Amino acid sequence: MDIHQLFAAFTSAFTQAQRLVTLHLADASTYREQLLPQSVTGAEALSQPFRYEVTCLSPDVGLELKSRLGLPAELGTLTTEGDSAVRCGVVPQARALPADDGFARSGLTIKPPLAHRRASRIFRDLAMIEIVQQVLNEPRRLTDCFFLTLDGTHR
-17 MDIHQLFAAF
-7 TSAFTQAQRL
3 VTLHLADAST
13 YREQLLPQSV
23 TGAEALSQPF
33 RYEVTCLSPD
43 VGLELKSRLG
53 LPAELGTLTT
63 EGDSAVRCGV
73 VPQARALPAD
83 DGFARSGLTI
93 KPPLAHRRAS
103 RIFRDLAMIE
113 IVQQVLNEPR
123 RLTDCFFLTL
133 DGTHR
């Protein structure tokens, strides 16, 4: 068995199954098995947006960092009870890190989807529900982050 066959056999086991931390980006066809979260550090606080720094490994050194910017992301962590705690956000920052034993390493920052909005608007003659629907449906990349359903009557 030559080195290329050995490396191919090793990377075939490169999956997120049975991991404590999982990462799914909106463009699943490209990144589903190309990024493996290695470590996560983050902060959450009351009345403050969360921020997570995810270090990822990839067997493909050709993945462009800029293609990950703005993608909706789902970060899952396994709790002590065996449940998964999921945080959803977007990737506003991606950076290259030093390689690790033949794998490309990258760092992704995950923040809340609406944290970077700097728009000021006036909504006239719209109900609150219509305003929320309009705000959540405007950025095309964010439509993958939110799914809004309404039950009952609203004024």
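Following our numbering, the numbering of the sequence shown begins with -17 at its first residue and continues without gaps. We put the beta carbon where it would ideally sit given N, CA and C, even for glycine. As the structure is a computational prediction, the values presented were derived from the model and not from experiment.
Query                                                                                                                                 : Result
With H, G and I counted as helix, E and B as strand and the rest as coil, what does DSSP make of I92?                                 : strand
Quick check on V43: buried or exposed, where buried means 16 or more other Cβ atoms within 10 Å of its Cβ?                            : exposed
Are the CB atoms of V36 and I113 nearer to each other than 8 Å?                                                                       : no
Nearest by alpha-carbon distance to P140: which of A55, S40, E63, D133 is it?                                                         : For the chain, the structure presents residues -17 to 137; residue 140 sits outside this window and is missing.
State the DSSP-derived secondary structure class of E112, mapped to helix, strand or coil.                                            : helix
Taking 8 Å as the threshold (C-beta atoms), are L17 and C38 in contact?                                                               : yes
By DSSP, does L60 sit in helix, in strand, or in coil?                                                                                : strand
I111: which of H6, E63, L132, G58 sits nearest, CA to CA?                                                                             : L132
Return the bridge partner residues of A55 from the DSSP annotation.                                                                   : L7, G71
In whole angstroms, what separates the C-alpha of P142 from that of G84?                                                              : Nothing about residue 142 can be reported from this structure: the residues present for the chain run from -17 to 137 only.
Near R33, what residues of its chain come up, given a Cβ to Cβ distance below 8 Å and the 5 sequence neighbours on each side ignored? : G24, A25, T91, I92, K93
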